[in-house]
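Q: I have a structure here, written as structure tokens, and I will follow up with some questions on it.
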Amino acid sequence: MEIFAQLILSGIALGMIYGLIAFGYQLTFATSGTLNFGQGEALMLGAMVGLTLVGHMNYWLMIPLVLVFGALQGVLVERLGVLPALKTKSEFGWIMTTISLAIIFKNVAENVWGHDDVTFPSPLPTAPLQFFGLRVLPMEILVVAGALAVMLAVEIFNRKSIYGKAVVATSNDRDAAGLMGINTGMVITFSYALSSMTAAFAGVLVAPLTLTGATMGAVLGLKAFAVAIIGGLNSGMGVIVGGLILGIAETTTGYYISTGYKDVPGLLLLLLVLAIKPAGMFGKSVIKKV
Amino acid sequence: MLQIQNLHAGYGKVEVLHGISVEVPQGKVVTLIGSNGAGKTTTMRSVSGMIRPMSGNITLNGKNITGLASNKITRAGLAHSPEGRRVFSTLSVTDNLLLGAFPRLTFGRERGDVQGDLKRVFDLFPRLKEREAQLAGTLSGGEQQMLAMGRALMLNPDVLLLDEPSMGLAPLLVKEVFRIIRELKARGITMLLVEQFAAAALDVADYGYVLENGRISVHGPAEQLKNDPAVKAAYLGAAH
Chain A
221 MEIFAQLILS
231 GIALGMIYGL
241 IAFGYQLTFA
251 TSGTLNFGQG
261 EALMLGAMVG
271 LTLVGHMNYW
281 LMIPLVLVFG
291 ALQGVLVERL
301 GVLPALKTKS
311 EFGWIMTTIS
321 LAIIFKNVAE
331 NVWGHDDVTF
341 PSPLPTAPLQ
351 FFGLRVLPME
361 ILVVAGALAV
371 MLAVEIFNRK
381 SIYGKAVVAT
391 SNDRDAAGLM
401 GINTGMVITF
411 SYALSSMTAA
421 FAGVLVAPLT
431 LTGATMGAVL
441 GLKAFAVAII
451 GGLNSGMGVI
461 VGGLILGIAE
471 TTTGYYISTG
481 YKDVPGLLLL
491 LLVLAIKPAG
501 MFGKSVIKKV
Chain B
280 MLQIQNLHAG
290 YGKVEVLHGI
300 SVEVPQGKVV
310 TLIGSNGAGK
320 TTTMRSVSGM
330 IRPMSGNITL
340 NGKNITGLAS
350 NKITRAGLAH
360 SPEGRRVFST
370 LSVTDNLLLG
380 AFPRLTFGRE
390 RGDVQGDLKR
400 VFDLFPRLKE
410 REAQLAGTLS
420 GGEQQMLAMG
430 RALMLNPDVL
440 LLDEPSMGLA
450 PLLVKEVFRI
460 IRELKARGIT
470 MLLVEQFAAA
480 ALDVADYGYV
490 LENGRISVHG
500 PAEQLKNDPA
510 VKAAYLGAAH
């Protein structure tokens, strides 16, 4: 029983990272109907830039700089990959361009930082804390708190500020938002900046727990995509629950069955959700009016 | 105030409007009537920048707005209450209305009396005041229409485009919509109105244009159009 509880706790931290990356997918999908398939690489770049900066400064000072870097990287992806596809009304062009950019980012990272995975110095003590006989790493608590804080901040922004409302309006009906005087192109660029910023932040949160390297993003990005599909591409609650389910399924399967099979339950769940409720567990199906 | 000259527009390669010219003078209500598919909504969309005209010239207050993005045209002083209402369903009634004044709410400070305008819209549409905190998607069709009109008014526009404000509404609500259009006219708001109820539209309008297959077939003062035998036969019907 104690081991089971321990596995769930570790699963939660992992799941919140998936949830946070999946949240980034949702941000751009809401405003533009497109996704950045290089979300995992945005995370990796955030972690690598963070690692370089940590050599010169404190972890907490590094975070705002990584966030700025993430936002700029998101703008670059949108301008280079997504905007041209949206302009030519190419329905699927953005899929290819964001994947291409992801591959380029990975190659650049390999050339700049090398092929080897390195450890990221933890800003918090690495000795686990004890709660009722369960061990929790301080960094795991930071991951959960950080992920929730980002989602909460975006939610408050959307509800309270006029710019946030403009983002929601653009997600509701892009043409009608334009009629309000909202520059919807800017809103989409902004959502890409926010999305990559979220991923970069997830990168520096997860890096001290895992190894950091040019290939770290691909698997995380893919799993987070599964989470976004399982939870629903338009449900904030969905990515948290979806992330937790996938994270916990991984740690428990890894322990009770085999680490070789740890990705299977989550992917089975993905197939199941697609078969039974394609809009996701919490997603609202969108009726496309013609 | 608003001038459309020799406008050609359409979707993709299909031309819907084959060179129409319409003029909306300051303080007047001008209506565009015609059967389904004649190009009424396409005209409205071209004017507000929802679609890019193929050729022609549109000027607002002497400023050329042809082919500008819709957000720029809105900022130039033109509000468009679109066909099908298009309210923001996951936002509250109040938020929908505030977004109508978006250009005056940016950069952290309010320009002009947005709260006063909000109050005036609520005075005009008491139903919206009752439902101010409700999500727009949960409103009835009539209430959504009021919201779409109120949202457009929040801009304090120089010209207001109303596209099919009575579409899909019960007869009583249609009457209510026309009462409000009359009220707006009395306040001196310049309007371009597209309506399926041609007779009611010509009653409230000063001037009318009849659109047939993407061309203006007849135009003239509303009184004159109402008595035009051809217009009567084609659009006003025996019932009116």
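Those sequence lines, one after another, are chains A and B. Position one of the first sequence corresponds to residue 221 (my numbering), numbered consecutively onward. Position one of the second sequence corresponds to residue 280 (my numbering), numbered consecutively onward. Here a beta-carbon is modelled for each residue, glycine too, at the ideal position from N, C-alpha and C.
Got a sec: which bits of the region 242-266 of chain A sit with their beta carbon under 7 Å from any beta carbon on chain B, in order along the chain?
A: The region 242-266 of chain A vs chain B, Cβ under 7 Å: nothing.
Q: May I ask you to report which of helix, strand or coil DSSP gives A/T435?
A: In this structure, A/T435 counts as coil in the three-state DSSP scheme.
Q: First and last residue of the beta strand (DSSP E) that includes B/G487?
A: Segment Y486 to E491, the beta strand (DSSP E) holding B/G487.
Q: Which of the three DSSP states is assigned to A/F351 in this structure?
A: If DSSP states are grouped into helix, strand and coil, A/F351 belongs with the strands.
Q: How many angstroms separate the CA atom of B/I337 from the CA atom of B/E411?
A: Those two C-alpha atoms are separated by around 36 Å.
Q: For the candidate residues A/G486, A/T409, A/V439 and A/L490, whose alpha-carbon lies nearest to that of A/L300?
A: A/L300 has its Cα closest to that of A/T409, out of A/G486, A/T409, A/V439 and A/L490.
Q: Using a Cβ-Cβ cut-off of less than 8 Å, list which residues of the region 381-397 of chain B approach chain A; keep chain order.
A: Those residues of the region 381-397 of chain B that come within reach of chain A (Cβ to Cβ, closer than 8 Å) are F381, P382, L384 and T385.
Q: For the region 282-312 of chain A, which residues have a beta carbon sitting closer than 9 Å to at least one beta carbon of chain B?
A: Under the 9 Å Cβ criterion, the region 282-312 of chain A contributes no residue.
Q: Just to confirm the assignment: which complete beta strand (DSSP E) runs, minimum length 3, are found wholly within the region 338-398 of chain A?
A: List check, beta strand (DSSP E) in window: 349-351 and 354-356.
Q: Report buried or exposed for B/Y488, applying the criterion of at least 16 other Cβ atoms within 10 angstroms of its Cβ.
A: Answer is buried; the Cβ neighbour count reaches 16.
Q: For A/N378, count neighbouring Cβ atoms within 10 angstroms of its own Cβ and tell me buried if that reaches 16, exposed if not.
A: Buried, by the Cβ-count rule.
Q: Among the candidates A/A469, A/T339, A/G294 and A/Y238, whose CA atom is the shortest distance from the CA of A/P485?
A: That would be A/A469, whose Cα lies nearest to the Cα of A/P485.
Q: Return yes when the Cβ of B/A415 is within less than 8 Å of the Cβ of B/F367, no when it is not.
A: It is a contact, given that the beta carbons lie within the stated cut-off.
Q: Are the region 415-434 of chain A and the region 457-476 of chain B touching by the rule of at least three beta carbon pairs closer than 8 Å?
A: With the cut-off at 8 Å, the region 415-434 of chain A and the region 457-476 of chain B do not touch.
Q: How many Å lie between A/T254 and A/I402 at the Cα?
A: Rounded to the nearest angstrom, the two C-alpha atoms are 19 Å apart.
Q: Buried or exposed for A/W333, please, with buried defined as at least 16 other CB atoms from any protein chain shown within 10 angstroms of its CB.
A: A/W333 is buried by the Cβ-count criterion.
Q: Which residues in the same chain as A/P345 place their Cβ atom closer than 7 Å to its Cβ, once the five residues preceding and following it in sequence are excluded?
A: Once the five neighbours on either side are set aside, the close Cβ partners of A/P345 are P358.
Q: Count the CB pairs spanning the region 493-505 of chain A and the region 446-456 of chain A that are closer than 8 Å, and state whether there are at least three.
A: The region 493-505 of chain A vs the region 446-456 of chain A: in contact.
Q: Would you mind sorting B/N285 into buried or exposed? The rule is 16 or more other CB atoms within 10 Å of its CB.
A: So B/N285 ends up on the exposed side.
Q: Please report the straight-line C-alpha distance between A/D337 and A/V424, rounded to a whole angstrom.
A: Cα to Cα, A/D337 sits roughly 15 Å from A/V424.
Q: Output, in chain order, the set of chain A residues within a Cβ distance shorter than 8 Å of B/F367.
A: The contacting residues are V388, A389, N392, D393, A396 and A397.
Q: Taking the Cβ atom as the reference point for each residue, do B/T310 and B/E443 lie within a distance shorter than 8 Å?
A: The answer is no: Cβ separation not under 8 Å.
Q: Mapping DSSP to helix, strand and coil, what is B/S314?
A: Of the three classes helix, strand and coil, the one that applies to B/S314 here is coil, per DSSP.
Q: Using the C-alpha atoms, what's the distance from B/V456 back to B/G429?
A: Each residue's alpha carbon lies about 12 Å from the other.
Q: Between the beta-carbon of A/L490 and the beta-carbon of A/A419, is there less than 8 Å?
A: Not a contact, by the Cβ cut-off of 8 Å.
Q: Using a Cβ-Cβ cut-off of less than 9 Å, give me the residues of the region 340-351 of chain B that come near chain A, in sequence order.
A: Going along the region 340-351 of chain B in chain order, one finds A348, S349, N350 and K351 with a Cβ nearer than 9 Å to chain A.
Q: Between B/R365 and the rest of its own chain, which residues show a CB-CB distance below 6 Å, the 5 nearest in sequence each way excluded?
A: Correct list: empty, nothing qualifies.
Q: Along the chain, where does the beta strand (DSSP E) that runs through B/L357 open and close?
A: Unbroken beta strand (DSSP E) run through B/L357: L357 to S360.
Q: Using DSSP with H/G/I as helix, E/B as strand and the rest coil, what is A/T418?
A: The answer is helix: DSSP assigns A/T418 an H, G or I state.
Q: Mind pulling the chain A residues with CB within less than 7 Å of B/D374?
A: Here the neighbours are K385.
Q: Helix, strand or coil for B/A288 per DSSP?
A: DSSP places B/A288 in strand when its eight states are reduced to three.
Q: Please work out which residues of its chain come closer than 8 Å, Cβ to Cβ, to A/Q226, disregarding the five sequence neighbours upstream and downstream, and give them in chain order.
A: Excluding residues within five positions, the ones whose Cβ falls inside 8 Å are L354 and R355.
Q: Step through the CB atoms of chain A and report whether any lies within less than 8 Å of the CB of B/A518.
A: In this prediction, B/A518 has a pLDDT of 46, which is less than 50 and means its spatial position is unreliable; what the coordinates show is noted afterwards. No, because no Cβ of chain A sits closer than 8 Å to the Cβ of B/A518.
Q: Can you find at least 3 beta carbon pairs, one from the region 256-273 of chain A and one from the region 385-404 of chain A, that sit closer than 8 Å?
A: Because the criterion of three Cβ pairs below 8 Å is not met, the region 256-273 of chain A and the region 385-404 of chain A do not touch.
Q: Closer than 8 Å, CB to CB, is A/G503 near chain B or not?
A: It does not: the Cβ of A/G503 has no partner Cβ on chain B nearer than 8 Å.
Q: Report the residues of the region 351-382 of chain A with a CB closer than 8 Å to any CB of chain B, ordered along the chain.
A: Here the close residues are I382.
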